[in-house]
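Numbering (full-length UniProt numbering), first residue to last: 1 to 355.
Everything below concerns the one structure shown next.
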Amino acid sequence: MTRRWVYIMAAVIIVIIAGIIWFYRQENEEQTIRAVTVEHDLEMSAWVVDWKWESGVADLQQMSRNLDRLQAFAAYFDSENRLYFTDDMHKALPHIFETARKGGVKYVDLTIVNDRWNPDGTAVQKDPGIVSRILATRESQEQHIEEIIDTVERYGFDGVEMDFEKIGDADWEKLCIFYAKLYERLHAKEKSLRVILEPRTPIERLALPEGPVYVMMAYNLFGSHSGPGPKADHAFIRKLASRMKVLPGEAAIAFSVGGFDWTDGGKVTSLTEKQAAELLRQSSTAVPMRDKASGSLYFSYKDEEGLKHTVWYADGETISQWIHIAQQSGYDNIVLWRLGEFEQGTLNKLKKNHF
């Protein structure tokens, strides 16, 4: 009898232990599912540019279901500080709108950048003088706001994105006030406003208005201004994310796909992801390595003249790591520079939100 009860008690204990193990496994699985769900709860948008609009629209066709917004990098300035669209963008806009709407993209915004196009066809990128002239008087500010609203309504954009860069210190106070006025006018017409910020923007001391979404450019760590290296690394992203805590309201982080080719002679060439990958495929001696600090790929090769080149670029795995760092830092609003000549593997990741 005693032995029988021992067996019974042992069996009961085994059942209880098994139940406890099952319960904790289920709890862990649910926690894992919840964690994955939170980690992948992204709001994603991307730019399409006028000089690569055809390949940009091709990428858009593949991943539009995963984009909440699309930014048409479309409006520059002429020599008289009026908004200017290139011929390429005039051709592109109908295709951009059609592809975005068919693909389920909810919002298409107009990006305005302070590049100046001269009558002779030359261009000056990121001209701070344009910003100074627009902000010079109340009348010039009001004139620009009216032109923006007229353009947005005429073309059917859902919002505006202001990409003013290389701002002079003397203009920041006026520009913050201008952004507040522009936001109020757009908001009254149920249009949104996003403001692009460079990493060097002194956001800690600026009185940026509440209302707009602020987009921090988490790139240009290395590029045409420097020697070889990644567009961003994990430490750079974390530092920017920490600084962004002072921004009022909603904020987003922008990442840049592709990279640069540095020649030993000093020439630096910008590359799309597809161009970088093609250089790698064409070289029989290049061995790609993945940088642990940034997740970027890099390799070296020699051209037909025997000159050594060093290439750094971001692919789908790089973007996955950067997005993960952003989410760890509390930011789920991600912007990609730019659509056009993504590798298929990257498009597949973006389509499936495999980050």
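Where a beta carbon is used, it is the ideal one built from N, C-alpha and C, also for glycine.
- Counting C-beta pairs closer than 8 Å gives fewer than three between the segment 325-332 and the segment 265-277, which falls short of the contact rule.
- Residue range Q344 to K352 is occupied by the alpha helix (DSSP H) that includes K351.
- Contiguous beta strand (DSSP E) elements confined to the segment 95-165 occur at 107-117 and 159-163, taking only those with 3 or more residues.
- Contact check for T99 against S64 passes: the beta carbons are separated by less than 8 Å.
- Counting every other CB atom within 10 Å of its CB across the protein chains shown gives V287 a total below 16, marking it as exposed.
- Between R82 and Q125, the alpha-carbon positions lie close to 15 Å from each other.
- The C-beta of M289 has fewer than 16 other C-beta atoms within 10 Å across all chains shown, which makes the residue exposed.
- When the beta-carbon positions are compared, I237 and V215 stay at least 8 Å from each other.
- Boundaries of the beta strand (DSSP E) around G258: G258 to T263.
- Inclusion of D109 and Q71 in the CB contact set at 8 Å is warranted, their separation being smaller than that value.
- The distance from the Cβ of R194 to that of E153 is about 18 Å, inconsistent with a contact at the 8 Å cut-off.
- The beta strand (DSSP E) runs of length 3 or more contained entirely in the segment 188-243 are, from start to end of the chain, 192-197 and 213-217.
- For the set Y183, I148 and L206, the Cα lying nearest the Cα of A170 is the one of L206.
- Pairing L336 with F255 gives a Cβ-Cβ distance under 8 Å.
- A75 has its alpha-carbon roughly 19 Å from the corresponding atom of M217.
- If you ignore the 5 residues before and after L247, its C-beta comes within less than 7 Å of the C-beta of I203, L208 and Y214, all in its own chain and listed in chain order.
- In this structure E184 is exposed. Its beta-carbon is surrounded by fewer than 16 other beta-carbon atoms within 10 angstroms.
- Between Y313 and G258, the gap from beta carbon to beta carbon is short of 8 Å.
- Per DSSP, the continuous beta strand (DSSP E) segment holding T310 begins and ends at K308 to A314.
- For the 8 Å CB-CB criterion, K102 and R69 do not form a contact.
- Its Cα nearest to that of T263, the residue V311 stands out among G104, A251, V311 and Q321.
- The beta carbons of G249 and E198 sit no closer together than 8 Å.
- Following the DSSP letters along the chain, one finds A46 inside the beta strand (DSSP E) bounded by residues E43 to V49.
- The beta carbons of N118 and F77 sit about 10 Å from each other, so the pair does not count as a contact at 8 Å.
- Under the three-state reduction of DSSP, A58 is assigned to helix.
- In the DSSP assignment, T318 is bridged to no other residue.
- As the crow flies, the alpha-carbon of N220 is around 10 Å from that of R200.
- Under the three-state reduction of DSSP, L182 is assigned to helix.
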